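Residue numbers (the numbering used here): 1093 to 1480.
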């Protein structure tokens, strides 16, 4: 039986904040919610990254409140008006929020979108690839649109069933020796210690220290300089001021100096590794904080440690499996939606090119080495060349 729903398209951020109780209530019961779909994260993302875009938040409700929501923004690309997730471009696992037993509300949202002529295309990226919501959405759009999709990236993870010891025993002896060697070296100094910072203890000042540590990590060829974009730090500072950020910061320090850190988002029984950073003069320490984080997650009987999207070698070395992250493009059958479609297809082909990936990797290594030379960094000898 199909239920009648009312649909509201919210274009003003203050109006959306007035609906915060409805949003939080829907998120709490949503079947496909993720660590990055919490309202606190979406709002922090919007203020740090998406304020230049027009808010386009679609909510479907019945007499009891919200039953489905699509947290979009309206952006411009090559002359076309493109709908995107509020958090697109920084996080994995974005999706629509849908209450149990109200899957047909997705069709209601799709029909409302089709009736609104203010957008030309819809880019769903990154989509978690789980559940049936995406299929319902695309089916409900009908013949008035065309769509393409691809596996944009893989996200390695560690299955945390069992114990830390059983996890290690499932690897080769060389891996176990490598982990133990890292642990010995990281803890050899009498002043070295691991500190866990979470909850109200995470302050904006912690983000300042992370920014400084990230700058000292530039020599690592595989790393990504999150803080090269100051908006990332601004977003984390906003999150740190919220009571429900669910961040956990694991810091390895030597004396009063931070030398490595692992920032995680704790989402129910899963830990999401936002990123690992370390002083490039102590490059073995990055491996140590990852090992310590995994050991802690096993001890707390979490279900999964997710490294998030990216097939960097260090992630694959720890991982026991991986999941797919999708990118979906839906275009109206009109001329303005054609150019973004063509440009996106070119980007997708380029992303698959091993030659282009190799050139990009070489350019990244060159820039990082040149930057490190300017900083006059004299790194200590790594115990595992090329690993964190």
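Glycine included, each C-beta is placed from N, C-alpha and C at the ideal position. As the structure is a prediction and not an experimental result, all values here were calculated from the model.
> What does a CB cutoff of less than 7 Å around residue 1395 pick up in its chain, not counting 5 residues either side in sequence?
Replying inline: If you number the chain shown from 1, residue 1395 lands on position 303. Result list for residue 1395: 1252, 1361, 1362, in chain order.
> Three-state secondary structure (DSSP) at residue 1095?
Replying inline: One-based indexing of the chain shown puts residue 1095 at position 3. Looking at residue 1095 - three-state DSSP - the assignment turns out to be coil, as it is neither helix nor strand.
> Using the rule of at least 16 other Cβ atoms within 10 Å of the residue's Cβ for burial, across every protein chain shown, is residue 1401 buried or exposed?
Replying inline: In the chain shown, the residue the question calls residue 1401 occupies position 309. It is buried - the Cβ of residue 1401 has at least 16 other Cβ atoms within 10 Å.
> Going along the chain, which unbroken runs of the beta strand (DSSP E) with 3 or more residues stay wholly within the segment 1346-1416?
Replying inline: 1349-1359, 1362-1370, 1396-1398
> Under three-state DSSP, which class holds residue 1300?
Replying inline: Counting from one through the chain shown, the residue named residue 1300 turns up at place 208. Three-state result, residue 1300: helix.
> What residues match up with residue 1148 in a beta bridge as DSSP calls it?
Replying inline: Sequence index remark: in the chain shown, residue 1148 carries index 56 (1-based). 1164.
> Along the chain, where does the alpha helix (DSSP H) that runs through residue 1215 open and close?
Replying inline: Numbered from its first residue, the chain shown carries residue 1215 at position 123. From DSSP, residue 1215 is part of no alpha helix (DSSP H) but of the beta strand (DSSP E) over 1213-1219.
> Which residues in the same chain as residue 1429 place their Cβ atom closer than 6 Å to its Cβ, once the five residues preceding and following it in sequence are excluded?
Replying inline: Position 337 of the chain shown, counted from the start, is the residue given in the question as residue 1429. Same-chain partners within the cutoff: 1172, 1212, 1213, 1423.
> Nearest-angstrom Cα distance between residue 1364 and residue 1104?
Replying inline: To locate residue 1364, count along the chain shown from 1; it is residue 272. To locate residue 1104, count along the chain shown from 1; it is residue 12. Cα to Cα, the separation comes out at about 31 Å.
> Is DSSP giving residue 1282 helix, strand or coil here?
Replying inline: Looking up residue 1282 in the chain shown gives position 190. Three-state DSSP puts residue 1282 in coil, outside helix and strand.
> Which of the three DSSP states, helix, strand or coil, is assigned to residue 1251?
Replying inline: Sequence index remark: in the chain shown, residue 1251 carries index 159 (1-based). Note: residue 1251 maps to strand in three-state DSSP.
> Got a sec? Which residues, its chain only, sit under 7 Å from residue 1165 by beta carbon, not counting five neighbours each side?
Replying inline: For the purposes of this step, residue 1165 is taken as residue 73 along the chain shown, with counting starting at 1. Taken in chain order, the residues that qualify are 1142, 1145, 1146, 1147, 1148, 1176, 1178.
> Using DSSP with H/G/I as helix, E/B as strand and the rest coil, what is residue 1227?
Replying inline: Counting from 1 along the chain shown, the entry for residue 1227 is found at position 135. Residue 1227 falls in the helix class under three-state DSSP.
> Taking DSSP as the reference, what is the three-state secondary structure of residue 1287?
Replying inline: Taking the first residue of the chain shown as position 1, residue 1287 is located at position 195. Strand, per DSSP.
> Using 8 Å as the threshold, is the segment 1182-1191 in touch with the segment 1114-1130, meaning 3 or more CB pairs across them?
Replying inline: yes
> Near residue 1352, which residues of its chain fall below 6 Å by C-beta distance, leaving aside the five closest residues on each side in sequence?
Replying inline: The sequence position of residue 1352 within the chain shown is 260, counting from 1. Answer for residue 1352: 1344, 1370, 1377, 1378, 1381, listed in chain order.
> Going by alpha carbons, who is nearest to residue 1261 out of 1102, 1441, 1412?
Replying inline: Your numbering for residue 1261 matches position 169 in the chain shown. Closest by alpha carbon: 1412.
>> Quick test of your reading: residue 1198 and residue 1228, contact by CB under 8 Å. State the CB separation rounded to the nearest angstrom.
In response: Here residue 1198 refers to the residue found at position 106 of the chain shown. Here residue 1228 refers to the residue found at position 136 of the chain shown. Confirmed, about 4 Å.
> Can you name, in chain order, every residue of its own chain whose Cβ lies under 6 Å from the Cβ of residue 1408, other than the five neighbours on each side?
Replying inline: Within the chain shown, residue 1408 is the residue found at index 316, counting from 1. The residues are 1248.
>> Let me check one thing: in DSSP terms, what residues is residue 1154 bridge-paired to?
In response: Numbered from 1 along the chain shown, position 62 holds the residue referred to as residue 1154. 1157.
>> How far does the alpha helix (DSSP H) with residue 1118 in it extend, from its first residue to its last?
In response: Here residue 1118 is taken as the residue at index 26 of the chain shown, counted from 1. Per DSSP, residue 1118 belongs to the alpha helix (DSSP H) from 1112-1121.
> Excluding five sequence neighbours on each side, which residues of the same chain lie with their C-beta closer than 6 Å to the C-beta of residue 1138?
Replying inline: To locate residue 1138, count along the chain shown from 1; it is residue 46. Around residue 1138: 1178.
> Relative to the C-alpha of residue 1163, which residue among 1140, 1194, 1170, 1129 is closest?
Replying inline: Taking the first residue of the chain shown as 1, we reach residue 1163 at position 71. With distances taken between Cα atoms, residue 1163 lies closest to 1129.
> Nearest-angstrom Cα distance between residue 1102 and residue 1280?
Replying inline: For the purposes of this step, residue 1102 is taken as the residue at position 10 of the chain shown. For the purposes of this step, residue 1280 is taken as the residue at position 188 of the chain shown. Their backbone Cα atoms lie some 56 Å apart in a straight line.
> According to DSSP, is residue 1245 helix, strand or coil?
Replying inline: The residue you call residue 1245 lines up with position 153 of the chain shown. Residue 1245: strand per DSSP, three-state reduction.
>> Relative to the C-alpha of residue 1346, which candidate in 1277, 1327, 1204 has its C-alpha closest?
In response: For the purposes of this step, residue 1346 is identified with residue 254 of the chain shown, where counting begins at 1. If we check each option's Cα against that of residue 1346, 1277 comes out closest.
>> For residue 1168, tell me which candidate among 1120, 1431, 1442 has the shortest Cα-Cα distance.
In response: Taking the first residue of the chain shown as 1, we reach residue 1168 at position 76. Checking every option, the nearest Cα to that of residue 1168 belongs to 1431.
> Where do the N-terminal and C-terminal ends of the beta strand (DSSP E) with residue 1293 fall, by residue?
Replying inline: Here residue 1293 refers to the residue found at position 201 when the chain shown is read from its first residue. From DSSP, residue 1293 is part of no beta strand (DSSP E); its letter is neither H nor E.
> Touching or not, the segment 1237-1244 and the segment 1383-1398, by the rule of three or more beta carbon pairs under 8 Å?
Replying inline: no
>> Rounded to the nearest angstrom, what separates residue 1491 and residue 1307 at their Cα positions?
In response: What the structure shows of the chain is the stretch from 1093 to 1480, and residue 1491 is not part of that stretch, so it cannot be assessed.
> Just the Cα atoms here: how many angstroms apart are residue 1210 and residue 1322?
Replying inline: For the purposes of this step, residue 1210 is taken as residue 118 along the chain shown, with counting starting at 1. For the purposes of this step, residue 1322 is taken as residue 230 along the chain shown, with counting starting at 1. Cα to Cα, residue 1210 sits roughly 32 Å from residue 1322.
> residue 1159: buried (16+ other C-beta within 10 angstroms of its C-beta) or exposed?
Replying inline: The count along the chain shown starts at 1 and reaches residue 1159 at position 67. Buried, by the Cβ-count rule.
> Between the C-alpha atoms of residue 1153 and residue 1111, what's the straight-line distance to the nearest angstrom?
Replying inline: Position 61 of the chain shown, counted from the first residue, corresponds to residue 1153. Position 19 of the chain shown, counted from the first residue, corresponds to residue 1111. Near 12 Å, if we compare the C-alpha coordinates of residue 1111 and residue 1153.
> What is the residue span of the alpha helix (DSSP H) that residue 1324 lies within?
Replying inline: Counted from its first residue, the chain shown places residue 1324 at position 232. Unbroken alpha helix (DSSP H) run through residue 1324: 1322-1332.
>> Taking only three categories from DSSP, how would you classify residue 1140?
In response: For the purposes of this step, residue 1140 is identified with residue 48 of the chain shown, where counting begins at 1. Looking at residue 1140 - three-state DSSP - the assignment turns out to be helix.
> Using the C-alpha atoms, what's the distance from residue 1224 back to residue 1231?
Replying inline: Translated into the one-based positions of the chain shown, residue 1231 becomes position 139. Translated into the one-based positions of the chain shown, residue 1224 becomes position 132. Approximately 11 Å, taken between the alpha carbons.
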